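First up is the structure itself, then whatever we jot down about it.
There are 2 protein chains.
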Amino acid sequence: MSIQQLIRTYQKRVDQQLQAKLSHSSIEPTLQEAMRYGLFNGGKRVRPVLVYLVNQLLDGRLEDADDAACAIECIHSYSLVHDDLPAMDDDDLRRGKPTCHIAFDEATAILAGDGLQSYAFELLSQSALAPQTRLDLIRTLAQAAGDRGMVAGQAFDLRHVGQSLTLEQLEAMHNRKTGALINAAIEMGYYSAPAASPDSLAALRRFGDAIGLAFQVKDDILDIEGDTETLGKPQGSDLEQNKPTYPALLGLTGAKEKLAELHQEARSIAQSFGPKGSDLALLADYIVNRDH
Amino acid sequence: MSIQQLIRTYQKRVDQQLQAKLSHSSIEPTLQEAMRYGLFNGGKRVRPVLVYLVNQLLDGRLEDADDAACAIECIHSYSLVHDDLPAMDDDDLRRGKPTCHIAFDEATAILAGDGLQSYAFELLSQSALAPQTRLDLIRTLAQAAGDRGMVAGQAFDLRHVGQSLTLEQLEAMHNRKTGALINAAIEMGYYSAPAASPDSLAALRRFGDAIGLAFQVKDDILDIEGDTETLGKPQGSDLEQNKPTYPALLGLTGAKEKLAELHQEARSIAQSFGPKGSDLALLADYIVNRDH
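In order, the protein sequence lines correspond to chains E and L. Just so it is clear: in the first sequence, position 198 is 198 by the UniProt record's numbering, and no numbers are missing. Just so it is clear: in the second sequence, position 284 is 284 by the UniProt record's numbering, and no numbers are missing.
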């Protein structure tokens, strides 16, 4: 199976899982509709795909990775819904569709995000995995999402719009804003494979650091070179908003060199897992070569 | 010890625990300041007090209840920070102090609320309790906070401002908006006492339903009869905003009768626990007789 086919298989799998799990009823159907709207927004499902890939790399059972895959996508989706709010990035469009607070209203978008976060932890607490595994998954996800992880990255980003950052600051920001959840996806894939050797975790973490950063550098490059229609957001919007980016700090050529380095690093870690690591290596290729 | 003294003891205990736990560092000190601002807002700590009271009623160890007490207060505080936002209730003051988005800014308040929610689950996942107990605590809190609990109650409330509700709808709303977390506090107290008999849980749940509703009926009455300064918010604000309340539906006398019934029901359940239930009965008295 090509990596594109494998990614599509996993994307479909997590979508089906989320559809089935989120079908419970509530006195607030509108709220749940907004949660589903935030979840099914045409996202690439990079984090769930990573959970599944690592689970398979470590000889896990795919069904043991479903709750982790769904939970991490709930957290990622909630963060996008809140990020798009007028008080935050104030975005009306995401992947070419109205953002949640435009399609519904601001209050509903805030509450839908809040509900998605709670739901992520509810899901993990109730999975069929061993109790200690469930706790490892919950701890990993909560730490990555919280005030030393993703949320800190968002706050740092918002406070520095229009300001110049050092490369160190930019990296510290992205390590939290995107890197924390990318790494959590990898760790959660590891925990979902109970027979995995603890030695593999350190290597997987380094892989996560490399592709997390590569993902962001690539995003910054796409903002300059990408096509507005393919991106689903206006090309050049980072530049226009004077956001700190890798190309702004390193130049476009420097950013591309940085991306190539990170790509190479990720590839060589993936290859250290032998033939089984080839899907991870292909995922690194996919992240670096994508056009949106 | 009088119930007032006991409540003060538990209030102080949870405050000290929260202070100690929230002292970790982050690249975003402002975000963490906002989280602490939302947490240390002069709240009555009703939910942590309930966790401790039930823990003691069931012969638990207080130290086993600390993480549950802190986690539920993090969830409650996050919900207040988000509730006060301009897109939600748009409140500038809470207990006489500027609300979080006034003291900081909207984006910081949104992120601080998000971070408090993550932190609640992080805390519970890392506590020293048995793995299954931690999972019971996480599941209970996540369900109570989520889209069939507190968040559904908030959404329902916002959608019905200025509309008349039936008594059934008003109760369904409060059961979620406030009742869900009150009941979660009681269940979490139960889970923090590992030797507790499962039989006690059903009675405790009925106690939770009664005082949860009593708490809300009392709030509605205080809005009419309370003193602006003692309340920390303008007296009569529910009436002015045409919010559905018990006095609006039942008349002030009817609301007071309802409160007396719920009080009596809570008292008799508390007494069914024998002499050890007296603190719970006194807490019911406190909720019904408070002036703010």
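C-beta: ideal position from N, C-alpha, C; glycine also. Since this is a predicted model, take the numbers as computed values, not measurements.
Not a single C-beta of chain E is nearer than 9 angstroms to the C-beta of Pro194 (chain L).
Against chain L, a Cβ distance below 8 angstroms from Ala155 (chain E) picks out Glu28, Thr30, Leu31, Ala107, Thr108, Leu111. Residue pairing for Arg94 (chain E): DSSP places it in a beta bridge opposite E:Lys97. At a cut-off of 9 angstroms between beta-carbon atoms, Gly146 (chain L) makes contact with chain E. When Cβ-Cβ separations below 9 angstroms define contact, Glu187 (chain E) makes no contact with chain L. DSSP places Arg13 (chain E) within a helical segment (H, G or I) once states are collapsed to three.
Annotation for Leu111 (chain L): the continuous alpha helix (DSSP H) segment containing it runs 106 to 125.
When CB distances to chain E are screened at a threshold of 7 angstroms, the residues of the region 126 to 143 of chain L falling below it are Gln126, Pro131, Gln132, Arg134, Leu135, Ile138, Arg139, Ala142, Gln143, in chain order.
Under the three-pair Cβ rule at 8 angstroms, the region 146 to 156 of chain E does not count as touching the region 5 to 15 of chain E. Residues Gly113, Leu116, Gln117 of the same chain have their beta carbon placed closer than 6 angstroms to that of Tyr78 (chain L), with the five preceding and five following residues left out of the count. Out of E:Leu58, E:Glu106, E:His76, the CA that lies nearest to the CA of Leu201 (chain E) is found in E:Leu58.
At a cut-off of 4 residues, the continuous stretches assigned as alpha helix (DSSP H) that sit fully inside the region 177 to 202 of chain E are 180 to 191.
A contact is defined here as three or more CB-CB pairs under 8 angstroms, and the region 178 to 194 of chain E fails this definition with respect to the region 253 to 267 of chain E. Non-local beta-carbon contacts of Arg159 (chain E) in its own chain, meaning distances under 8 angstroms to residues more than five positions away in sequence, are absent. Ser164 (chain L): not part of any alpha helix (DSSP H); DSSP gives it neither H nor E. Here the region 245 to 257 of chain L lies against the region 160 to 180 of chain L, with 3 or more beta-carbon pairs under 8 angstroms apart. For Arg176 (chain L), the residues of chain E that pass the 8 angstroms Cβ criterion are Ile27, in the order they occur in the chain. Spatial neighbours of Phe215 (chain L) in its own chain (CB-CB distance under 8 angstroms, excluding positions within 5 residues in sequence) are listed in chain order as Val46, Thr178, Ile182, Ile287. Cβ atoms of Gly153 (chain L) and Arg176 (chain L) come within 8 angstroms of each other, at about 3 angstroms.
Of all alpha-carbon atoms in L:Ala65, L:Ala130, L:Pro198, L:Leu31, the one lying nearest the alpha-carbon of Val81 (chain L) is that of L:Leu31. With the criterion set as a beta carbon lying under 7 angstroms from some beta carbon of chain E, the region 51 to 74 of chain L has no members that meet it. Excluding its 5 nearest sequence neighbours in each direction, Asp136 (chain L) has C-beta neighbours in its own chain below 6 angstroms: Tyr191, listed in chain order.
Assigned with DSSP and collapsed to three states, His263 (chain L) falls in helix. The region 24 to 42 of chain L makes no contact with the region 61 to 69 of chain L, as fewer than three CB pairs between them are under 8 angstroms. Boundaries of the alpha helix (DSSP H) harbouring Ala281 (chain L): 278 to 289, taken from the DSSP string.
DSSP places Pro86 (chain E) in no alpha helix (DSSP H); its state is neither H nor E. For Gln19 (chain L), the nearest beta carbon of chain E is not closer than 9 angstroms to its own beta carbon. Chain order gives no chain L residues near Val288 (chain E), where near means a beta carbon separation below 9 angstroms; the closest approach is about 27 angstroms. In the DSSP assignment, Asn55 (chain E) falls within the alpha helix (DSSP H) that extends over 46 to 57. When secondary structure is reduced to three states using DSSP, Asp227 (chain E) falls in the coil class, being assigned neither helix nor strand. Across the set E:Phe121, E:Ser197, E:Ala107, the C-alpha of E:Ala107 shows the shortest separation from the C-alpha of Val161 (chain L). Within 8 angstroms of the CB of Gln117 (chain E), the CB atoms of chain L belong to Asp114, Gln117, Ser118, in sequence order along the chain.
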